[in-house]
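Scroll down for the structure; my scribbles are underneath it.
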Amino acid sequence: MARATARHILVPSEEKAQALKEQIEAGADFADVAKANSTCPSSRQGGDLGSFGPGQMVREFDTVVFSAPLNAVQGPLRTEFGYHLVEVTSRQD
C-alpha cells in the first residue's frame, strides 16, 4: 500500500497562502513559517503530518500528496478547511 509523509501550512485565505509560499521560495524555512502562521495543530511540529496512506486525508489533499514531486511546495490548495501549502517529504508506492 502506498504511504507518504508530508507537512503543510493551513491558512484562511488564498492570498495569505501565496504570500507564505513566496517567503518559503525566497529561502524561509517551511517549518518556521508553519509554526508562526498555520492554524492547524500540526503547526507545533512545523506542519509535519507524519505518515499516512491514500484516503486518510481529504480528497484534494490526497491528490496532491500522491502525485506531486517530493520536496517542492505545492499550493495554495483549497479544501473545506482553508488553504494549504503542502510539501511531500517522502513517498513509497
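So in the UniProt record's numbering, the last one in the sequence shown is 93, and the numbering has no gaps at all.
Don't be surprised by glycine CBs; every beta carbon is placed ideally from N, CA and C.
The structure presented is a predicted model; accordingly, all values stated were derived computationally and were not measured.
Rounded straight-line distance, which links the Cα of Arg7 to that of Cys40: 11 Å
For the beta strand (DSSP E) containing Val11, list its first residue and its last residue. 3 to 11
Residues in the same chain with beta-carbon distance under 6 Å from Pro78, minus the five sequence neighbours each way, listed in chain order, please. Per the sequence shown, residue 78 should be read as Arg rather than Pro. Once the five neighbours on either side are set aside, Arg78 has no close Cβ partner at all.
Figure out for me which residue from Gln74, Met1, Ala17 has the closest Cα to the Cα of Ala36. Ala17
Report the CB separation of Glu25 from Val73 in whole angstroms; it is logged as a contact under 8 Å. 7 Å
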